[in-house]
Each structure stands twice: as structure tokens, then as C-alpha cells.
Amino acid sequence: MISFNYETDFKLENTDKVSNWISETILEENHKEGEINYIFCSDDYLHKLNVDFLDHDTLTDIISFDYSVGKELHGDIYISVDRVKENAKDFNIEFEDEIARVIIHGVLHYCGYKDKSDVDEILMRSKEDHHLARRS
143 MISFNYETDF
153 KLENTDKVSN
163 WISETILEEN
173 HKEGEINYIF
183 CSDDYLHKLN
193 VDFLDHDTLT
203 DIISFDYSVG
213 KELHGDIYIS
223 VDRVKENAKD
233 FNIEFEDEIA
243 RVIIHGVLHY
253 CGYKDKSDVD
263 EILMRSKEDH
273 HLARRS
């Protein structure tokens, strides 16, 4: 089950459609959907999590806590709406496209994709692009 939670004024539109898209992505990546919580928040909220839990004193657009068991995906995905807005502006793309990229990025991490090395990042971007192209 995919749920959307808010620690900010932002509200995701078309949550059923987004949820179905995430579910289809999980199946296509040969995983099983468990409990996945998306939490949309502010820079300050996510920064505090980054400092408190990861000991990183930086701003970020997403932090995911993975509680998956084998191929069954479970976890909490925190997304800073402030960061996504700023990144969309910096990359000169629509906010809706950037929020979708970050949403699918989180679940792709649960599917085992990494982005710390150049090679891993190229594969992650390729997977993001593939699944973004499938979204209707």
C-alpha cells in the first residue's frame, strides 16, 4: 500500500494515478509492494532528519528509510517540496516533472538501484527516464 502524507501545505494531485504508476514500477522491477509512505515536507523538516539520522548537515530533495524484506518493499520516503521547486527552477523543467522524478527515484532505491558512483548514477537516471516515460 502506498500512502501520501504531508508536513507542509503542498498536496499531491491525482494520488490514485500516482499510486498506480508507482505500483506498476515496482511490479516491472520484479518486486512486491508493501507499505510505502511518502512524506512531503519542507527543507527545514528534511534537513533536521538529515542531521539527526544521517549526520549530514546539508539540504537534500529526498531521504528514504528502507525497511524492505527481500523483494517486498517497505519504507518511508521523505521529499522536500522546497528543494524540488528549487531544482525544477535550476534545471528549467516543470515542477510536476521534477516531483515525479523524485517520487520514482525513492522507490527505485528500494528496488536496489544506487546513485553514489558515476556508473550507478547513469543506470539510476536511465531507470528514472524509463519509468517517467511510462507515466500517463
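Numbering (the numbering used here), first residue to last: 143 to 278.
From the three backbone atoms N, C-alpha and C, an ideal C-beta is built for every residue, glycine too.
Just so we're clear, the structure is a prediction, and the values are computed from it rather than from any experiment.
Residue nearest to residue 253 within the set 273, 224 and 160 is 273 (criterion: CA-CA distance). Of all alpha-carbon atoms in 171, 188, 271 and 198, the one lying nearest the alpha-carbon of residue 242 is that of 271. With a cutoff of 8 Å on beta-carbon distance, residue 232 and residue 179 are scored as not near each other. Contact between the segment 156-166 and the segment 205-213 is absent: fewer than 3 CB-CB pairs across the two stretches fall below 8 Å.
Burial is judged here by how many other beta carbons sit within 10 angstroms of a residue's own beta carbon; residue 220 has at least 16 and is buried. By the criterion of a C-beta distance shorter than 7 Å, residue 192 is surrounded in its chain by 198, 200, 202 and 205, once the five residues flanking it on both sides are discounted.
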